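Input: a single structure, listed below in structure tokens.
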């Protein structure tokens, strides 16, 4: 039996090796074939993990790249701003606010940004090109020894292809000036080397009534794989650059009064630009895997959530800045089929993480600007043991150490607050114990008992801050590392090659929430919390031409302390996804998908709740010889439900200086049609 590798690094990277076919070394352990029907009985350590591949991606209609996250059962991706910004992700009662508490990796490189200018754990996957993703390896929960930071809700590893059977060139055109061009192929030089390249360019104006998004997105990928005597060495380079204008969330009262429509804006000068350039090297053999990387990342983001609440004259627009280099490495070794030892280390050299007041994208003055050096190292050992033919166990012990060093780039800010009081150094470390007990109840049914400790790091600035940069008042620093404890009971049932299902009853305790703060435009540490829920997934291939899938997640999330108001703002209670794919004569294919996001509290006393939202997407494709064409109808029923909802105080011109508590929301983009023509060569 092929052993399922749980490591985010090894699982995500080695999963691409089967694509090398004859080029792959015979001794390299191959991961099982991915997909909803993949047989994970006897191989996974919980009911909350899985492996997906390109077949699931190519039949899924998607409005934006961030919806790749919706391949993970129970997760939903929405947006409250422009196309160049990271998405909002909902999973297990978290409004992950761009990624906090969910670890994301691409080819072994971390995506989550620590101590980020916009929010802790910021996760922007717009640099991914869907067509060259080989596999998606996800694992929900805190039970996996190879994952450290941001591991409360789980993790995902995307691996890109090493080689392709055919090259592809495609052009996509759509409403609102959506244009996308893609070319990808690989070149084999002899039987031992392969080079893959891919380039993507996209523009988009969006449906908004008073701005053009004017998206200018460019992606490039280059990967060179070398077969060596005992393994495969892969050298990779990625480049991503994007600029855009934003239509942010809007106050409900502005729409009700007729000041703007639902596609309008209060501040039409918002937007941003970002880049991510990376180099990485990966070496894999049958027994071990090593990875190293360097990432150049930058972001300049202009937002305005409260309009004229803080500054009635210039407005409340602000710029968030992040400019950093990231260096890191990781590795794992398999010993005697029972032990795995591994490590990871990461250094964020942040030249500037800053917040500026601005007007129409012109800086007025700095609120805060810091230089941050943040370093971490983690190590773990995992023991797998097969007690009987049906009973097995997995136990992991992990150690993580973090070091923070913050130095203000300013003596005083725009409010005449002395910022050097917030200089400082801090460090912290913790041990984590994780494990599972799995029993093959029947040949087609396995049950799981899983538990583990996880954590998320807090923003380095918060660990040393003594003075509020806005008010000058004294504040207490936050804990550097915040503990989470998760546990679940699960089951997989796969009675045939046509039907696959899983169910998980889970719970998660966390010492401190990270919540979005509307008037500050960032996240802050909050109260301890407790979540529990149930997740169901079922996939049924009626025959080779017709398949259905159902994924449902229910979560009950509350603050876990002595205060009366227990509700966690933004904690989604229900997420449901339904899909149907039909292949019919003469190489036609159609897919219909429905996504439902239930109501959620917007205030801690539950006095204000969001409405539910439903979106239906449709894809129709036809292939003939080397050509293929597809039509995507996104938001098929033209729903005007909300992508995101918040409740906080803001002020429009002419309103009382204290502002007005109100619902702020971002409406779903109206129905849009996109046509794609592709040629394989």
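Numbering (this note's numbering), first residue to last: 44 to 724.
Ideal placement from N, C-alpha and C gives every residue a C-beta, glycine not left out.
Here the structure is a predicted model, which is why all the values come from computation and not from measurement.
When the options are compared against residue i, the one with the closest alpha-carbon
| i | options | result |
| --- | --- | --- |
| residue 110 | 655, 651, 636, 340 | 636 |
| residue 628 | 667, 274, 500, 693 | 667 |
| residue 220 | 258, 96, 210 | 258 |
| residue 633 | 646, 310, 434, 591 | 591 |
| residue 233 | 218, 264, 250, 271 | 271 |
| residue 127 | 227, 104, 210, 316 | 316 |
| residue 255 | 125, 421, 688, 226 | 125 |
| residue 326 | 120, 92, 274 | 274 |
| residue 540 | 517, 515, 585, 141 | 585 |
| residue 331 | 288, 379, 301, 299 | 379 |
| residue 165 | 193, 171, 187 | 193 |
| residue 249 | 279, 230, 287, 356 | 287 |
| residue 720 | 195, 84, 225 | 225 |
| residue 177 | 204, 377, 266 | 204 |
| residue 102 | 702, 724, 689, 622 | 622 |
Beta-carbon contacts of residue i that lie in its chain and below 6 Å, excluding the five residues immediately before and after
| i | result |
| --- | --- |
| residue 578 | 117, 547, 596 |
| residue 139 | 132, 145 |
| residue 72 | Note that residue 72 scores 33 on pLDDT, short of 50, meaning its location in the model is unreliable; the coordinates nonetheless yield the value given after this. 329, listed in sequence order. |
| residue 686 | 121, 122, 709, 711 |
| residue 704 | 692 |
| residue 416 | 448 |
Coil, strand or helix - residue i by DSSP
| i | result |
| --- | --- |
| residue 264 | strand |
| residue 734 | Coverage of the chain is limited to positions 44 through 724, which leaves residue 734 absent and any answer about it impossible. |
| residue 218 | coil |
| residue 175 | helix |
| residue 463 | helix |
| residue 442 | strand |
| residue 675 | strand |
| residue 666 | strand |
| residue 97 | helix |
| residue 235 | coil |
| residue 538 | strand |
| residue 660 | strand |
| residue 399 | strand |
| residue 521 | coil |
| residue 69 | Note that residue 69 scores a pLDDT of 30, beneath 50, so its modelled location is shaky; the value from the coordinates is reported in the next line. Residue 69: coil per DSSP, three-state reduction. |
| residue 158 | coil |
| residue 119 | strand |
| residue 229 | strand |
| residue 706 | strand |
| residue 404 | coil |
| residue 530 | strand |
| residue 371 | strand |
| residue 78 | coil |
| residue 611 | coil |
| residue 458 | coil |
Delimiting residues of the beta strand (DSSP E) encompassing residue i
| i | result |
| --- | --- |
| residue 103 | No beta strand (DSSP E) contains residue 103, which DSSP labels as neither H nor E. |
| residue 717 | 715 to 723 |
| residue 207 | Premise fails: residue 207 is in no beta strand (DSSP E) and is neither H nor E. |
| residue 687 | 685 to 693 |
| residue 194 | Segment: none, residue 194 is in no beta strand (DSSP E) and carries neither H nor E. |
| residue 625 | 617 to 627 |
| residue 132 | 131 to 134 |
First through last residue of the alpha helix (DSSP H) which encompasses residue i
| i | result |
| --- | --- |
| residue 497 | Looking at the DSSP string, residue 497 is not in any alpha helix (DSSP H); the run it does join, the beta strand (DSSP E), is 488 to 500. |
| residue 506 | 503 to 507 |
| residue 297 | 295 to 299 |
Chain-order list of residues whose beta-carbon lies under 7 Å from that of residue i (same chain, five-residue window excluded)
| i | result |
| --- | --- |
| residue 543 | 79, 80, 537, 582 |
| residue 252 | 304, 306, 307 |
| residue 722 | 212, 669, 670 |
| residue 630 | 665, 666, 667 |
In DSSP terms, what residue i is bridged to
| i | result |
| --- | --- |
| residue 644 | 652 |
| residue 480 | 436, 492 |
| residue 143 | In DSSP, residue 143 forms no bridge with anything. |
| residue 575 | 550, 599 |
| residue 170 | DSSP lists no partner for residue 170. |
| residue 245 | 223, 260 |
| residue 183 | 197 |
| residue 38 | In the structure displayed, the chain extends from 44 to 724; residue 38 sits before or after that span and is not available. |
| residue 320 | 282, 339 |
The ligand ADP heavy atom lying under 7 Å from the CB of residue i
| i | result |
| --- | --- |
| residue 427 | In terms of ligand content, the structure shown is empty, and the ligand ADP therefore cannot be addressed. |
Neighbourhood of residue i by C-beta, 8 Å cutoff - its chain only, sequence neighbours within 5 removed
| i | result |
| --- | --- |
| residue 160 | 342, 344, 363, 364, 365, 396, 397, 398 |
| residue 682 | 656, 657, 658, 659, 711 |
| residue 678 | 106, 658, 659, 660, 711, 712, 713, 714, 715 |
| residue 388 | 371, 372, 373, 418, 419, 420, 421 |
| residue 195 | 137, 144, 145, 185, 497, 498, 499, 527, 529, 551, 553 |
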